[in-house]
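Heads up: the structure comes next, in structure tokens.
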Ligand SMILES: N[C@@H](CCC(=O)N[C@@H](CS)C(=O)NCC(=O)O)C(=O)O
């Protein structure tokens, strides 16, 4: 296997932290996003959408989408379990993972991209959309805060990929000026999750 990534990017971190949870090491190549290496013909042959991370499998096929990569790694390294065991637990973790990705990660990324214009060399920037997205992320995090008032982790007493994705998203948000860590239960939960060895730099 070979990983093409930008290990400090939020999606790069999702796969990186997941690998640390599983104690997996995979040879990796860093892709220069700022310089547009991800948009090259060579990288688009790995992922036509021109994004990272991408995992090249031993079969020669390419997997992109962080969640799909993590799901594959869970399949070949089942312990510790991060995607759920029973049908119900798997479905609940999937439900919360999608809520994290669609309602927090996407809006945080859209706010970052449209307010800062970080990728203005490759996409149309709509600052107002950035502001709307920042507000949407804030509203969604308030719902997570309510949920965490009665739950140690996002899915009850067990740590899962949903916690990992949300914590990485909120770390990234803070680093780009969107501090979403202020509410009580989110703050308690965030300290707990980011104290895990997998989050150490
Ligand atoms: N849905 C994809 C998103 C991948 C993504 O947006 N990656 C960012 C880095 S966090 C990227 O490659 N950005 C480069 C660009 O937009 O040109 C995933 O889950 O992996």
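In this note's numbering, the protein residues as written are 32 to 232. Heads up, the beta-carbon is just placed ideally off N, CA and C, and yes, glycines get one too.
{"Item": "Let me check you understand the geometry: is the CB of residue 41 closer than 6 Å to at least one non-hydrogen atom of ligand 1?", "Value": "yes"}
{"Item": "Report all residues from its chain with a CB closer than 7 Å to the CB of residue 124; omit the five preceding and five following residues, and keep chain order.", "Value": "114, 115, 186, 191, 192 and 193"}
{"Item": "Under the rule that 16 or more other beta-carbon atoms within 10 Å means buried, what is residue 201, buried or exposed?", "Value": "buried"}
{"Item": "Would you call the CB atoms of residue 198 and residue 172 closer than 7 Å?", "Value": "no"}
{"Item": "Keeping to the same chain, check which residues put their C-beta closer than 7 Å to that of residue 75; ignore five residues upstream and five downstream.", "Value": "81"}
{"Item": "If we count the other Cβ atoms within 10 Å of its Cβ and call it buried at 16 or more, is residue 222 buried or exposed?", "Value": "exposed"}
{"Item": "Quick one, which of 90, 85 and 91 has its alpha-carbon nearest residue 101's?", "Value": "85"}
{"Item": "What does a CB cutoff of less than 8 Å around residue 217 pick up in its chain, not counting 5 residues either side in sequence?", "Value": "172, 175, 176, 179, 201 and 211"}
{"Item": "State yes or no: is the C-beta of residue 83 within less than 7 Å of the C-beta of residue 69?", "Value": "yes"}
{"Item": "Where does residue 180 fall in DSSP's three states?", "Value": "coil"}
{"Item": "Taking the C-alpha atoms as reference points, what is the distance between residue 140 and residue 117?", "Value": "32 Å"}
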